[in-house]
Amino acid sequence: MSAAPARPPAGAALGALLAPLVTLARRELQTRYAGTRLGRIWALLQPLATMAIYLTVFVLVMGGGRDTVDARQYALFILAGLLPFQALADGLQRACGSLRQDKPLLEAATFPAEAIPLARVVGGALPELLGLLLLGLACAVWGPGLGVSVLALPLLWLGRVGLTAGLALWISVIAIFITDTGEILGFALTALLFLTPVFYGIDQVPAWLHPLLWINPLHHVVEAYRDVLLQGRWPWGHGGALLLCVLLAVGSGRWAFGRCLDAVRDEL
């Protein structure tokens with residue numbers, strides 16, 4: 271009986287994944303805006319337009335046409351929740367059909383197949399990063415200002431990317447065996463939007479529902495973003511919970527992807 275092939279060290283596996291991941295992520299950005307006159311500039315214009323729309327609407331609706339503090343802060347409150355949700359939803363939806371779309375790459379035995387869904391996640395992370403920079407500037411000018419805790423924001427962004435990456439590995443595999451996964455995912459993401467305090471504060475949620483919020487990973491992302499951007503405090507509680515969610519998502523996602531990869535190739 272032959273021994274199972276030894277798995278490469280974690281560092282070597284990461285090195286082998288990095289170059290294909292960067293290449294595919296660059297291709298993802300190119301194809302995303304292919305055929306448009308402004309090209310990659312849309313990565314900046316989209317979050318900028320979203321922010322302008324929310325600030326304008328809430329000043330007109332809540333402020334009665336006057337630039338009130340409450341209207342501006344509520345718009346920033348919503349944007350701090352929408353940015354990570356939209357990035358997570360975009361990454362998962364694009365990863366859902368990625369293995370079928372890049373079937374030739376998947377058939378190459380030496381190609382790191384994980385790079386295929388992960389590139390969709392990385393490609394969708396750039397608009398969020400630009401949006402966060404704009405939101406941080408808006409909070410500094412029109413909001414409560416920024417404290418030293420804003421230094422935690424890049425780590426939180428990486429945590430959101432890691433969470434989406436782990437879930438994307440799961441989704442990409444499930445979509446091969448359950449062809450309705452894309453439609454189911456659309457409904458699930460809509461439900462997640464309203465089950466996460468994006469448009470409302472946690473103080474508006476009945477106390478008996480708070481434990482359910484704590485098992486929602488996106489809740490920790492949203493609240494950690496708001497801690498840093500709107501409250502000027504370090505997101506110790508939600509940041510620690512997010513780290514745990516990332517470890518669980520990435521660890522289980524890599525296990526499921528590796529376990530099912532041969533079956534995925536056979537199915538395709």
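So in the numbering used here, spot 45 of the sequence shown is number 315, and the numbers just go up one at a time. By construction, the Cβ of each residue, glycine as well, lies at the ideal position given by its N, Cα and C atoms. Keep in mind that this is a model prediction, so the values were computed, not measured.
Neighbour-count burial assignment, residue i, 16 or more Cβ in a 10 Å radius
i	result
Q356	buried
L318	exposed
T466	buried
H508	buried
L386	It should be noted that the sequence gives Ile, not Leu, for residue 386. Buried is the call here.
A408	buried
I472	exposed
P487	buried
A410	exposed
G295	Note on identity: in this sequence residue 295 is Ala, with Gly being the wrong assignment. Buried is the call here.
G521	exposed
D536	exposed
A523	Sequence check: residue 523 is Gly here, not Ala. Flag for G523 reads buried.
R529	exposed
G415	exposed
Residue j beta carbon less than 7 Å from that of residue i
i	j	result
T434	G510	no
G432	V516	yes
A494	P505	yes
L439	F527	yes
A379	L531	no
G436	A533	no
A422	E298	no
G417	G502	yes
M321	L425	no
Residues near residue i by beta carbon distance below 7 Å, same chain, minus five either side
i	result
Q316	P397
M271	Legend: pLDDT at M271 = 41, less than 50; position of this residue unreliable, value from coordinates given subsequently. Contacts found: none.
L463	F355
L375	F381, I386
L287	P382, E384, A385
D372	I386
Proximity winner among the options, relative to residue i (alpha-carbon distances)
i	options	result
R496	G351, A438, S522, R370	G351
R370	A422, I446, A359, P424	I446
A341	P354, I323, L353	I323
A359	I454, V420, W412, L400	I454
T449	R297, L375, G367, R302	G367
L353	W484, F381, T380, G406	G406
R364	Q300, R524, I441, L488	I441
V292	L512, Y470, V391, I485	V391
H490	Q474, L513, I444	L513
V443	T301, L459, L538	L538
M302	G393, D372, A289	The question names Met, but residue 302 in the sequence shown is Arg. Comparing Cα-Cα distances from R302 to each of G393, D372, A289, the minimum goes to G393.
Contact set for residue i: own chain, Cβ-Cβ below 8 Å, skip 5 residues either direction
i	result
V492	A350, G351, P354, F355, T466, P467, V468
W427	A395, E398, L399, L402
G413	R342, Q343, L346, L499, L500
T451	C366, I441, I444, A445
A276	With a pLDDT of 48 at A276, under the threshold of 50, the predicted position of this residue should be treated as unreliable, and no value is reported.
Proximity test, residue i beta-carbon vs the ligand PLP heavy atom, cut-off 6 Å
i	result
L352	Looking at this structure, you won't find the ligand PLP or any other ligand, since it has none at all.
Just to confirm the assignment: which complete alpha helix (DSSP H) runs, minimum length 4, are found wholly within the region 347-378? Within the region 347-378, the complete alpha helix (DSSP H) runs of at least 4 residues fall at 368-371, 373-377.
Entirely enclosed alpha helix (DSSP H) segments - the region 432-504, minimum 4 residues: Scanning the region 432-504 from its first residue to its last, the whole alpha helix (DSSP H) runs of 4-plus residues come out as 451-465, 480-484, 487-496.
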